[in-house]
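Peer 1:
Have a look at this one:
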């Protein structure tokens, strides 16, 4: 596959990307990579929010992160099944963008959409050089497997951008409150400390090609 | 083994306990458990600090956490080998205190002392009902295995005590600076969020008996 | 989530609960917990048995164990797919009962219904404090992963109740014979020995909150 | 289950069997086992190839390996879902042939069809004595888990037969070229070296009964 | 390595072999294999028992199992360290007997002697075709890893021999009582049920060569 | 730690580096990295070979690979123990060279020296940005864990250099013969195919920092 400078970033829901790798998206964008967010579904978390609100939150956040607006697949719950149909859809995106790297959610999070999306991205990424899973943070989303931090990205110069992007998601603030933001920033401090810097984001690696 | 209300907490070095489970020690002490810290070695991290300084930092921290002063084994590096001798030493402590729970460091941290101590504690804890490993935070201490958070303790009411205890370790502040504290508190926010509270500490479980 | 004293126990089929944790259900019921069995499907194992027979076996067994009658979801095979629909169904049960603990089958058993049910229970249990998987026993049901016993419940005073509950499943006796019962009691002896008692049941822990 | 001398070998696609265990099929056939290849789907990889071409490639290859012609299930992509329907289909094959051993693809390959087929074979193999997964080789098909070689079969006397069988798949040669064959033979050299022979094939074991 | 019909069975302590694979030793002996037990250490569990008593218990048990008397290495605790010296010692035994199979204790048991012996046996078995780990049963001997049953041996016709061999270890009966025997037989029922028989022993496989 | 352009490569024995990552050493050297091989021990495999012969084989191979001559630690077997002493020795090398990357042997190989060296390198690499384990190939060196290929280096232009370097180890040729070389090259074909190239080497990642 011909290499491009684009990077595909998959998230089942709006704000998944910002939580997991908002700092890295900002950093990659500054470095000149074309980061393309792909959002699989547009759920309504509270009775009052609508798909359009969630979509425009995501668009606003992308501007802050410095990347293009997300591609919204707007899949219905019945379309979120691990089979050839969903894999083909991801296949087409990968053929279209020929990314140099693909990021997706950690396979071990308990949310069914996260697992199914990631399994599909893995299946479709057989010709991709670099495939990473970002760390998910939902309350209580534990399963029988555990996250293995392997790739660290220093986001010390991007932490404010990450915070600003997260504050776009007003519907999440209503649901989760301030301690949602504290937890995400807190985790960045922790991951930063592991590589002797102030803030970092961590990823589990499926494969990477180097040198 | 007759049950007592004592809890043994093993750390290879001074401050390992506070970093990993200072909040939980505070909480257990308030609940009436007799928490007994056991410190295996007394290293000199900088040229200027002495064993005595590190010992008194630990004693001061224990007072803040509300537990008794640590038992210092003061093992030399050549004594830190996984064999019957070290296991027997831990054995004696367990026979002496007959603890209802034992906490030790996560086996997957890269530090040789942490691994060797924990292997010895596991060997000696065959008759113990509850055996947990706390989350270690040293910069870069990664190995081929990953931490699996399973037991969560809500330390929201104990976070200030934990911070105060950590500030006793002046020699660490010199070495690591403020971002050391931020990383530890940050991780507590992250672990707290996973159980819908502000601050928590997480543990991997070897075994527990309930009901 | 407000805590109640109810405990949800999920099984794909009638008798899965009794095999895996009949002793623990009895014990929890005696302790005052409201144990609520949820049975996902009602298969016909032999040509002669009917859904009604299997249902009444389960009701009879519940009486012996001291818990309320199971809630039968009566899902058809085509409904046993890991997707949002099945997760939503479990979600509703969890919202309805607000359990203090949830038990489900071990994820590593080879039966498709066991795996799919447990994946759905994990997804729906993001706000649950205590989530455990009980040990499954079907002949030959091995996969690429292995059961990790972590939580032990002493059922020495409940082993006869467990045996009596198991004998309610006459259709299983026809299929499996006496050595079915011997295997289940035998495993309890083995698990008991590991914690210095006569009989125990073992569970793998997804998460638990303590202190 | 009554033992026969038949061996069932499952592959999602034509040539999966030859890549993973062509040498072992040849060897087992020579030893007198009745090896029965089961091919789940018949994909068209290039625009020009047809299902009939792929089917006849497989039939030709079987002749070279010395086993009977494959049973083609010809499942459509929408039928490749891990549920009772697919498991029942495999169940029937197992009841029909009562095999002494079952081989299927490694569960950790990224291809959705490989994973779904193997999960179904595991579910259906609860009464089977010997269940093995062969090593898959597709470019880039990596996931979060890793292959564990445990069973080795010496195929030094069968390597030429394996090569000849692989050359039947003309459509694959067009797609992958000579280095496809080199990779497969190369892996056999590597696996052979691990058991002190020239060529071998390796398998991960789910279960086996011996003595 | 030239194949012989001998089978080496390693145990750190007297009675480890009988607990883990007494039935299989009996079965292999009946089948004509020369089973050679190797006992690494001779501990004194109670104040009154002596090394000689423990040695003669082992010899008596071997007679019942139908194999030759164990080779007692009589290593002191300080010799039980994972290094070249211990590996060389095992190396010599393997060169001497050239066994067709080697059995050792499960690596995941918490006992330091079990782990160290097994690591040494693995290192020394690089030229061995078949290497298995038997299931250990000590009370509470849990670690961070879990046993993976893969090889099953049907010991229905050997269960009484196994029980008789176990009763030779009078010092263990004093320490552990009748429920020790019940646990071991109970586990055999459970393992038997998994392969549709009355009694079985289970092993984790490091490697095996077949066909 | 200040970054340099040096790369430390640890091997327990002469030729371990060449087998595992000879192509990558050649490639890194061409790219301008200063690759520094560290050889821990100098064993005598056959009665006739001497330490000096093995040392000069290594020196000759380094010339072919384009890197500097190895630093020979010449540790005796009794010094190969995982403790502070060995870790301190590795510590000093890391402080001396301040490498941008460290490569060591895969932790899961059965050889005691490989395991002990790698554990020590992990302990000493807490401040290192990039830590990788190369794939080991000794006959039969299997343990309970499995290699996870994650980092791939394309060595198509370096395969001949790798082969030439390997032929320096005349003592190994005497021991292992031609099929030793075929196995190593064969594995490179297999790893190459996984990333759509002719030859590659694969590594398991402990940690890496990027962007």
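Residue numbers (our numbering), protein chains in the order written: chain B, 23 to 233; chain Z, 23 to 233; chain E, 23 to 233; chain X, 23 to 233; chain H, 23 to 233; chain U, 23 to 233.
Where a beta carbon is used, it is the ideal one built from N, C-alpha and C, also for glycine.
Determine whether the beta carbon atoms of residue 125 of chain B and residue 53 of chain B lie at a separation below 8 Å.
Peer 2: Stepping through the first chain from its first residue, residue 125 of chain B is reached at position 103. Stepping through the first chain from its first residue, residue 53 of chain B is reached at position 31. Not a contact, by the Cβ cut-off of 8 Å.
Peer 1: Quick one: what's got a C-beta closer than 8 Å to residue 218 of chain Z's C-beta in the same chain, skipping five residues either side?
Peer 2: Stepping through the second chain from its first residue, residue 218 of chain Z is reached at position 196. Nothing listed; no residue qualifies.
Peer 1: Kindly list the residues whose CB is nearer than 8 Å to the CB of residue 140 of chain X, restricted to its own chain and excluding five residues on each side of it in sequence; keep chain order.
Peer 2: Along the fourth chain, one-based indexing puts residue 140 of chain X at 118. Within the same chain, residue 140 of chain X has close Cβ partners 32, 126, 127, 128, 129, 155.
Peer 1: Give the list of continuous beta strand (DSSP E) stretches no shorter than 3 residues that lie fully inside the stretch 116 to 170 of chain Z.
Peer 2: List check, beta strand (DSSP E) in window: 123 to 127, 153 to 156.
Peer 1: Taking C-beta pairs closer than 7 Å, name the residues in chain B that residue 104 of chain E reaches, listed in chain order.
Peer 2: Residue mapping note: residue 104 of chain E aligns to position 82 of the third chain, counting from 1. Within chain B, the residues near residue 104 of chain E are 134.
Peer 1: Near residue 96 of chain E, what residues of its chain come up, given a Cβ to Cβ distance below 6 Å and the 5 sequence neighbours on each side ignored?
Peer 2: As a first step, residue 96 of chain E must be located in the third chain, where it is residue number 74. 64.
Peer 1: So with Cβ pairs under 8 Å, would you call residue 99 of chain H a contact of chain Z?
Peer 2: On the fifth chain, residue 99 of chain H is found 77 positions in, with the first residue counted as 1. Yes, residue 99 of chain H counts as interfacial toward chain Z.
Peer 1: With residue 28 of chain X as the anchor, note down where its beta strand (DSSP E) starts and where it stops.
Peer 2: Counting from 1 along the fourth chain, the entry for residue 28 of chain X is found at position 6. Element bounds for residue 28 of chain X: 28 to 33.
Peer 1: Under a CB-based cut-off of 8 Å, is residue 160 of chain U close to chain H?
Peer 2: Taking the sixth chain and counting its residues from 1, one reaches residue 160 of chain U at position 138. Interface residue, yes.
Peer 1: Any beta-carbon of chain Z closer than 8 Å to the one on residue 209 of chain E?
Peer 2: For this step, residue 209 of chain E is matched to residue 187 along the third chain. Judged by the 8 Å Cβ criterion, residue 209 of chain E is not in contact with chain Z.
Peer 1: What does the alpha-carbon distance come out to for the pair residue 90 of chain X and residue 45 of chain X?
Peer 2: Stepping through the fourth chain from its first residue, residue 90 of chain X is reached at position 68. Stepping through the fourth chain from its first residue, residue 45 of chain X is reached at position 23. Each residue's Cα considered, the two are about 15 Å apart.
Peer 1: Thinking C-alpha only, which one of E:222, E:61, E:228 is nearest residue 233 of chain Z?
Peer 2: Your numbering for residue 233 of chain Z matches position 211 in the second chain. The candidate whose alpha carbon is nearest that of residue 233 of chain Z is E:222.
Peer 1: Using a Cβ-Cβ cut-off of 8 Å, state whether residue 145 of chain Z counts as contacting chain H.
Peer 2: For this step, residue 145 of chain Z is matched to residue 123 along the second chain. So yes, residue 145 of chain Z belongs to the interface.
Peer 1: What is the rounded straight-line gap between the Cα of residue 231 of chain U and the Cα of residue 79 of chain U?
Peer 2: Your numbering for residue 231 of chain U matches position 209 in the sixth chain. Your numbering for residue 79 of chain U matches position 57 in the sixth chain. Straight-line Cα distance between these residues: approximately 34 Å.
Peer 1: List the residues of chain X whose Cβ lies closer than 9 Å to the Cβ of residue 125 of chain H, in chain order.
Peer 2: Mapped onto the fifth chain, residue 125 of chain H falls at position 103. None at all; the shortest Cβ gap to chain X is about 11 Å.
Peer 1: Cβ closer than 8 Å: which chain H residues qualify as neighbours of residue 107 of chain Z?
Peer 2: Taking the first residue of the second chain as 1, we reach residue 107 of chain Z at position 85. Per Cβ cutoff of 8 Å: 99, 100.
Peer 1: Looking only at its own chain, which residues have a Cβ that is under 8 Å from the Cβ of residue 185 of chain Z, when we skip the five neighbours before and after it?
Peer 2: Within the second chain, residue 185 of chain Z is the residue found at index 163, counting from 1. Cβ within range, chain order: 203, 207.
Peer 1: Taking contact to mean at least 3 C-beta pairs separated by less than 8 Å, is the stretch 150 to 166 of chain U in contact with the stretch 178 to 194 of chain U?
Peer 2: Because the criterion of three Cβ pairs below 8 Å is not met, the stretch 150 to 166 of chain U and the stretch 178 to 194 of chain U do not touch.
Peer 1: Can you tell me whether residue 199 of chain Z is buried or exposed? The criterion is at least 16 other CB atoms within 10 Å of its CB, across all chains shown.
Peer 2: As a working mapping, residue 199 of chain Z is identified with position 177 in the second chain. The residue is exposed, with fewer than 16 neighbouring Cβ atoms inside 10 Å.
Peer 1: One question on the structure: do residue 104 of chain X and residue 138 of chain X come within less than 8 Å of each other, judged by their Cβ atoms?
Peer 2: As a position in the fourth chain, residue 104 of chain X is number 82, starting the count at 1. As a position in the fourth chain, residue 138 of chain X is number 116, starting the count at 1. Yes, they are a contact pair.
Peer 1: For residue 140 of chain Z, go through chain C and note every residue whose CB falls closer than 9 Å to its CB, in chain order.
Peer 2: Absent from the structure: chain C. Protein chains present are B, Z, E, X, H and U.
Peer 1: Beta carbon of residue 29 of chain B, beta carbon of residue 55 of chain B: below 8 Å?
Peer 2: The count along the first chain starts at 1 and reaches residue 29 of chain B at position 7. The count along the first chain starts at 1 and reaches residue 55 of chain B at position 33. Against a cut-off of 8 Å, the Cβ pair of residue 55 of chain B and residue 29 of chain B comes out as a contact.
Peer 1: With a cut-off of 8 Å on the beta carbons, I'd call residue 164 of chain U and residue 228 of chain H a contact; round off their distance for me.
Peer 2: For the purposes of this step, residue 164 of chain U is taken as residue 142 along the sixth chain, with counting starting at 1. For the purposes of this step, residue 228 of chain H is taken as residue 206 along the fifth chain, with counting starting at 1. Correct: roughly 5 Å between the Cβ atoms.
Peer 1: Just curious, the beta strand (DSSP E) that residue 222 of chain E is in, first and last residue?
Peer 2: Numbered from 1 along the third chain, position 200 holds the residue referred to as residue 222 of chain E. It spans 222 to 231 - the beta strand (DSSP E) in which residue 222 of chain E sits, taken as one unbroken run.
Peer 1: Could you have a look at residue 99 of chain H and say whether DSSP puts it in helix, strand or coil?
Peer 2: Sequence index remark: in the fifth chain, residue 99 of chain H carries index 77 (1-based). Correct three-state label for residue 99 of chain H: helix.
Peer 1: Taking all protein chains shown into account, do 16 or more other C-beta atoms lie within 10 angstroms of the C-beta of residue 38 of chain X, making it buried, or fewer, making it exposed?
Peer 2: Position 16 of the fourth chain, counting from 1, holds the residue named residue 38 of chain X. Flag for residue 38 of chain X reads buried.
Peer 1: Let's test the definition: count the other Cβ atoms within 10 Å of the Cβ of residue 109 of chain U and tell me whether it reaches 16, buried, or not, exposed.
Peer 2: For the purposes of this step, residue 109 of chain U is taken as residue 87 along the sixth chain, with counting starting at 1. So residue 109 of chain U counts as buried.
Peer 1: Could you tell me the alpha carbon to alpha carbon distance between residue 27 of chain E and residue 51 of chain E, rounded to whole angstroms?
Peer 2: By 1-based counting over the third chain, the position of residue 27 of chain E is 5. By 1-based counting over the third chain, the position of residue 51 of chain E is 29. Spanning the two alpha carbons is a distance of roughly 10 Å.
Peer 1: I'd like to confirm the pairing. Which residues does DSSP put opposite residue 93 of chain Z in its beta bridges?
Peer 2: Position 71 of the second chain holds residue 93 of chain Z. Z:60.
Peer 1: Residue 215 of chain B by DSSP, collapsed to three states: which one?
Peer 2: Against the first chain, residue 215 of chain B aligns to sequence position 193. DSSP places residue 215 of chain B in helix when its eight states are reduced to three.
Peer 1: Just mark residue 159 of chain E as buried or exposed, buried being the case when its beta carbon has 16 or more other beta carbons within 10 Å.
Peer 2: Position 137 of the third chain holds residue 159 of chain E. Looking at its Cβ environment, which holds 16 or more other Cβ atoms inside 10 Å, residue 159 of chain E is buried.
Peer 1: Measuring only between beta-carbons, confirm whether residue 214 of chain Z sits less than 8 Å from chain B.
Peer 2: Taking the second chain and counting its residues from 1, one reaches residue 214 of chain Z at position 192. At least one chain B Cβ lies under 8 Å of residue 214 of chain Z.
Peer 1: Can you list the residues of chain U that residue 164 of chain Z reaches, using a CB-CB cut of under 9 Å?
Peer 2: By 1-based counting over the second chain, the position of residue 164 of chain Z is 142. Those within 9 Å of residue 164 of chain Z in chain U are 144, 147, 148, 153, 228, 229.
Peer 1: Who are the Cβ neighbours of residue 172 of chain H in its own chain at under 8 Å, not counting the five residues just before and after it?
Peer 2: Mapped onto the fifth chain, residue 172 of chain H falls at position 150. The answer, listed in chain order, is 224, 225, 226, 227.
Peer 1: Could you give the distance in angstroms between the alpha-carbon of residue 100 of chain E and the alpha-carbon of residue 107 of chain X?
Peer 2: The sequence position of residue 100 of chain E within the third chain is 78, counting from 1. The sequence position of residue 107 of chain X within the fourth chain is 85, counting from 1. Distance between the alpha carbons of residue 100 of chain E and residue 107 of chain X: 8 Å.
Peer 1: List the residues of chain Z whose Cβ lies closer than 8 Å to the Cβ of residue 218 of chain B, in chain order.
Peer 2: Working through the first chain from its first residue, we reach residue 218 of chain B at position 196. Those within 8 Å of residue 218 of chain B in chain Z are 161, 162.
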